[in-house]
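Engineer:
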Amino acid sequence: MDVTYQRVKESEEIRTYIIQADQSLSALGFTEHSFPHVTRCAEYAARILSQLGYDPHQQELAKIAGYMHDIGNVVNRHDHAQTGAVMAFRILDKMGMAPADVAAVITAIGHHDDSTAFPVSPVAAALILADKTDVRRSRVRTKDLQSFDIHDRVNYAAERSELSLDTEAHTIQLTLSINPEFCAVMDYFEIFLERMLLCRRAAEFLSLRFKLDINGLDLL
Numbered sequence: 001m002d003v004t005y006q007r008v009k010e011s012e013e014i015r016t017y018i019i020q021a022d023q024s025l026s027a028l029g030f031t032e033h034s035f036p037h038v039t040r041c042a043e044y045a046a047r048i049l050s051q052l053g054y055d056p057h058q059q060e061l062a063k064i065a066g067y068m069h070d071i072g073n074v075v076n077r078h079d080h081a082q083t084g085a086v087m088a089f090r091i092l093d094k095m096g097m098a099p100a101d102v103a104a105v106i107t108a109i110g111h112h113d114d115s116t117a118f119p120v121s122p123v124a125a126a127l128i129l130a131d132k133t134d135v136r137r138s139r140v141r142t143k144d145l146q147s148f149d150i151h152d153r154v155n156y157a158a159e160r161s162e163l164s165l166d167t168e169a170h171t172i173q174l175t176l177s178i179n180p181e182f183c184a185v186m187d188y189f190e191i192f193l194e195r196m197l198l199c200r201r202a203a204e205f206l207s208l209r210f211k212l213d214i215n216g217l218d219l220l
């Protein structure tokens, strides 16, 4: 495959869209969606497929989808998955990617947003799991506790976040340590319940069971 993850990462065009998309989300009050987030999504999605025995080509496609999945936010937060898929089609087609590979990437991007997400393929399922489990303090832009909304509180309270896959037990588990000084566990479920249900659906597509552990309690 000529269009590699490394080549995508080095694309000034793609980097520009990621930067501008994150700036727009910052103005709207959203948590960080820049290079730390998309790089984590790329690496975690590929790692999931690697641990499940998918070939390197599929892993590479998962990395590309993970890295590009939020570029649609440069247009608008609403329907950003579909917008991003169309943008990715144009970019990757212009770069010379094979149609089957373009299809795999844009399918995953187009099915990752909460309201329309669905694990229609292994790459899409891996992207959903990588994206929806990215809860961490460093995603909070401001350190002014008084200005925190519920998303800021939950992310800031997450002092530890780990996604681990057990191939023998056929489970994938998100383990969180949440500081109750900043938010209650119920706050997490208030904003992330839909995402956790998506993770369960994505895990099932990959023949796994999704588990959620918060502060030592098995909650899913």
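In the UniProt record's numbering, the protein residues as written are 1 to 220. Even for Gly, the Cβ is constructed at its ideal location relative to N, Cα and C. Just so we're clear, the structure is a prediction, and the values are computed from it rather than from any experiment.
By a C-beta neighbour count over all protein chains shown, 10 Å radius and 16 as the cutoff for buried, is I106 buried or exposed?
Structural biologist: With 16 or more other Cβ atoms within 10 Å, it is buried.
Engineer: Relative to the C-alpha of A45, which candidate in L25, V74, D22, H69 has its C-alpha closest?
Structural biologist: Residue H69 is the option with its Cα nearest to A45.
Engineer: Look up L206 in the DSSP assignment and say whether it is helix, strand or coil.
Structural biologist: The answer is coil: DSSP assigns L206 none of H, G, I, E or B.
Engineer: Just to confirm my understanding: we take V123, look at its own chain, exclude 5 residues before and 5 after, and list those with CB closer than 8 Å. What are they?
Structural biologist: A45, L49, Q58, L61, A62, A65, A104, V105, T107, A108.
Engineer: Checking 9 Å against the spacing of the C-beta atoms, do K211 and L220 come in under that value?
Structural biologist: Contact flag set, yes.
Engineer: Where do the N-terminal and C-terminal ends of the beta strand (DSSP E) with P165 fall, by residue?
Structural biologist: Residue identity differs from the one stated: residue 165 is Leu in this sequence, not Pro. From DSSP, the beta strand (DSSP E) with L165 extends over 158–166.
Engineer: Alpha carbon to alpha carbon, how far is F30 from T83? Give it in angstroms, no decimals.
Structural biologist: Whole-angstrom Cα-Cα distance: 18 Å.
Engineer: P56 CB to nearest chain D CB: under 9 Å?
Structural biologist: Note that chain D does not occur in the displayed structure, where there is just one protein chain.
Engineer: What is the residue span of the beta strand (DSSP E) that H174 lies within?
Structural biologist: Before going on, a small fix: residue 174 reads as Leu here, not His. Residues 171–178.
Engineer: F89 to M97, Cα distance in whole Å?
Structural biologist: Their Cα atoms are separated by approximately 9 Å.
Engineer: Among the candidates R195, F35, S34, whose CA atom is the shortest distance from the CA of P119?
Structural biologist: Ranking R195, F35, S34 by Cα distance to P119 puts R195 first.
Engineer: Which class does L217 belong to by DSSP, given the choice of helix, strand or coil?
Structural biologist: Looking at L217 - three-state DSSP - the assignment turns out to be strand.
Engineer: Helix, strand or coil, according to DSSP, for K94 in the structure here?
Structural biologist: DSSP places K94 in helix when its eight states are reduced to three.
Engineer: How far does the alpha helix (DSSP H) with F35 in it extend, from its first residue to its last?
Structural biologist: Counting along the chain, the alpha helix (DSSP H) containing F35 begins and ends at 35–51.
Engineer: Count the CB pairs spanning the region 141–161 and the region 170–186 that are closer than 8 Å, and state whether there are at least three.
Structural biologist: Counting Cβ pairs under 8 Å, three or more are found: they touch.
Engineer: Would you call the CB atoms of A130 and E12 closer than 9 Å?
Structural biologist: No; because the gap between Cβ atoms is not below 9 Å, this pair is not in contact.
Engineer: Looking only at C-alpha atoms, which of I214, R200, H112 sits nearest to A157?
Structural biologist: The candidate whose alpha carbon is nearest that of A157 is I214.
Engineer: The alpha helix (DSSP H) spanning Y54 covers which residue range?
Structural biologist: It is not in any alpha helix (DSSP H) - Y54 carries neither H nor E in the DSSP assignment.
Engineer: Based on DSSP bridge pairs, tell me the residues matched to L127.
Structural biologist: BP columns for L127 are empty, so no partner.
Engineer: When you compare the CB positions of R209 and I150, do they come within less than 9 Å of one another, or not?
Structural biologist: Against a cut-off of 9 Å, the Cβ pair of I150 and R209 comes out as no contact.
Engineer: I need the straight-line Cα distance from V140 to S24, nearest angstrom please.
Structural biologist: The straight-line gap from Cα to Cα measures roughly 15 Å.
Engineer: Quick check on T133: buried or exposed, where buried means 16 or more other Cβ atoms within 10 Å of its Cβ?
Structural biologist: Flag for T133 reads buried.
Engineer: If I'm right that A85 touches G110 with Cβ under 8 Å, what's the distance once you round it to whole angstroms?
Structural biologist: That belief holds up - the Cβ atoms of A85 and G110 are roughly 4 Å apart, short of 8 Å.
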